[in-house]
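**Q**
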Amino acid sequence: MTPTTVRATTSQEPPPLRFAANLKWLFTDLPMPERFAAAAAAGFRAVECPNPYGYSVASLERMVAAAGVAMVLINTPPASVDGQMRTGIACDPRRRGEFKDGVERGLEYATGLGVPMLHIVAGTVPEGVSFDRAWAEFLLNIAWAADVAKDTEISLLVEPQNDTSSPGFLLTTQTQAATVIDAIGSDRLGLLFDVFHAQMQEGGVSVKLKELAPVLRHVQIADAPDRTEPGTGELSWPHVFGVLREIGYGGWIGCEYSATKPRGAHAEWLTSIEGDRV
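If you read the sequence shown in numbering that gives the first Met the number 0, its first letter stands for residue 0, the second for the next number, and so on.
Pasting the structure below:
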């Protein structure tokens, strides 16, 4: 099986930029079932739903169909860590069985909903576990997940997160993520490049996008340093979007930010982007 195509291969014209609303971060004044329609009303034709597991596949199918949007990304299920729900246990050697159950559940949801991408959240290095041990566990678990997904059309994604917003997170640099992808060597595995996390951790976003284009499967955006909508921080978005066009990126761009404006107004920045708005 071949992975989701995200680069232009047959035309000199760059593919249009396509934006998906992240339903964890956007339209938070509404209950989750109503956010799908709100995304459609704002002009989005796709959504990311990081944690869909509170609803059945059948219920989600109805929400998606009623709104007329595609669901393009989900995460592996969250898990309880020290009494709090965390988004990733992939590097915890004490919870390997739970991790595998979560991946299988994520693949079940992705398959049932026609979602092309499943983000396997690395998680934080557990207390009492060395970084090297956590790293080895993560590689082992990702290799297992890639093998389980080998006969599907679903891309498994790994994402670095900055250690200011996510203290103790296992993956913090793009180089680390690329190392994992190279070590596993599966066409089911690719990079989720979060522009906000990359800027906060390392900077040099445009250089890294160009370097990592061969393994790039999905992009998420928010301005730095406050994780708000583009145009509210330090990044030059015309330049970032120009680089994505330059490398021929044809995948979705997830809008994963905390809106500073009321619902219906916070996505106005999209009107200045050439190509498909969504």
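For every residue, glycine included, the Cβ atom is placed at its ideal position computed from N, Cα and C. For clarity, every value in this text was computed on a predicted model and none was experimentally measured.
Compare the Cα-Cα distances from Ser185 to each of Val204, Asp28 and Thr151 and report the closest residue.
**A** Among Val204, Asp28 and Thr151, the Cα nearest to that of Ser185 is on Thr151.
**Q** Counting along the chain, where does the alpha helix (DSSP H) carrying Asn140 start and finish?
**A** Where Asn140 is concerned, the enclosing alpha helix (DSSP H) stretches over Phe130 to Val147.
**Q** What is the residue span of the beta strand (DSSP E) that Gly189 lies within?
**A** From DSSP, the beta strand (DSSP E) with Gly189 extends over Leu188 to Asp193.
**Q** Quick check on the DSSP output: the beta strand (DSSP E) that includes Val218 runs from which residue to which?
**A** Residues Leu215 to Ile220.
**Q** Along the alpha helix (DSSP H) that carries Glu228, what are the first and last residues, could you check?
**A** Per DSSP, Glu228 belongs to no alpha helix (DSSP H) and is neither H nor E.
**Q** Have a look at Asp28 and Ala41 and give me their C-alpha separation to the nearest angstrom.
**A** Roughly 14 angstroms between the two C-alpha positions.
**Q** Looking at Ala121 and Gly96, is the spacing between their C-beta atoms short of 9 angstroms?
**A** No, Cβ-Cβ distance for Gly96 and Ala121 is not below 9 angstroms.
**Q** Here's the rule I'm using: 16 or more other beta-carbon atoms within 10 Å means buried, otherwise exposed. How should Gly111 be labelled?
**A** Classification for Gly111: exposed.
**Q** Specify whether the segment 134-153 and the segment 169-187 touch according to this definition: at least 3 beta carbon pairs, one from each stretch, less than 8 angstroms apart.
**A** As far as the Cβ criterion goes, the segment 134-153 touches the segment 169-187, which means the pair count is three or higher.
**Q** What residue range is occupied by the uninterrupted beta strand (DSSP E) comprising Phe18?
**A** It spans Arg17 to Asn21 - the beta strand (DSSP E) in which Phe18 sits, taken as one unbroken run.
**Q** Run through the DSSP bridge pairs and tell me what Leu156 is partnered with.
**A** Looking at the DSSP assignment, Leu156 forms a beta bridge with His118 and Gly189.
**Q** From the DSSP secondary-structure annotation, give me the bridge partner or partners of Val46.
**A** Partner(s): Ala20 and Met70.
**Q** Does the beta-carbon distance from Tyr248 to Asn21 come in below 9 angstroms?
**A** Taking 9 angstroms as the Cβ cut-off, Tyr248 and Asn21 do not qualify as a contacting pair.
**Q** Identify which residue in Ala65, Asp146, Tyr54 and Ile73 has its Cα closest to the Cα of Ala19.
**A** Checking every option, the nearest Cα to that of Ala19 belongs to Ile73.
**Q** Starting from Phe168, trace the alpha helix (DSSP H) both ways and give me its first and last residue.
**A** It is not in any alpha helix (DSSP H) - Phe168 carries neither H nor E in the DSSP assignment.
**Q** For Thr300, which residues from the same chain have a beta carbon less than 8 angstroms from its beta carbon, with the 5 sequence-adjacent residues on both sides left out?
**A** Beyond the ends of the chain as shown, which are 0 and 277, falls residue 300; an answer cannot be given.
**Q** Is the separation between the beta-carbon of Val206 and that of Val147 shorter than 9 angstroms?
**A** For Val206 and Val147, no; Cβs fall outside 9 angstroms.
**Q** Do you know offhand how far Ala145's Cα is from Arg216's?
**A** In a straight line, the C-alpha of Ala145 is about 15 angstroms away from that of Arg216.
**Q** How big is the Cα-Cα spacing for Thr270 and Glu12?
**A** Whole-angstrom Cα-Cα distance: 20 angstroms.
**Q** Mind reading off the beta-carbon distance from Ala69 to Ala45? Whole number of angstroms is fine, and I expect it under 8 angstroms.
**A** The pair is a contact, with the Cβ atoms about 5 angstroms apart (cut-off 8 angstroms).
**Q** For Glu233 and Pro115, what's the separation of their Cα atoms in angstroms?
**A** Rounded to whole angstroms, Glu233 to Pro115 spans 32 angstroms at the Cα level.
**Q** Does any residue of chain D bring its CB to less than 9 angstroms from the CB of Ala64?
**A** The chain labelled as chain D is not found in the depicted structure, where only one protein chain is given.
**Q** Starting from Tyr108, trace the alpha helix (DSSP H) both ways and give me its first and last residue.
**A** Where Tyr108 is concerned, the enclosing alpha helix (DSSP H) stretches over Arg95 to Leu112.
**Q** With a Cβ-Cβ cutoff of 9 angstroms, do Glu47 and Gly203 count as a contact?
**A** Cβ distance not < 9 angstroms, so Glu47 and Gly203 don't count as in contact.
**Q** If we ignore side chains and look at the alpha-carbon of each, how far apart do Gly113 and Gly105 end up?
**A** Going from the Cα of Gly113 to the Cα of Gly105 covers about 12 angstroms.
**Q** Out of curiosity, what's the CA-to-CA distance linking Gln175 and Gln198?
**A** Cα to Cα, the separation comes out at about 15 angstroms.
**Q** Beta-carbon separation of Ile119 and Leu169 under 9 angstroms?
**A** Contact: no.
**Q** Alpha carbon to alpha carbon, how far is Ala36 from Gly67? Give it in angstroms, no decimals.
**A** So the two alpha carbons sit approximately 8 angstroms from each other.
**Q** Could you check where the alpha helix (DSSP H) with Pro13 kicks off and where it finishes?
**A** No alpha helix (DSSP H) contains Pro13, which DSSP labels as neither H nor E.
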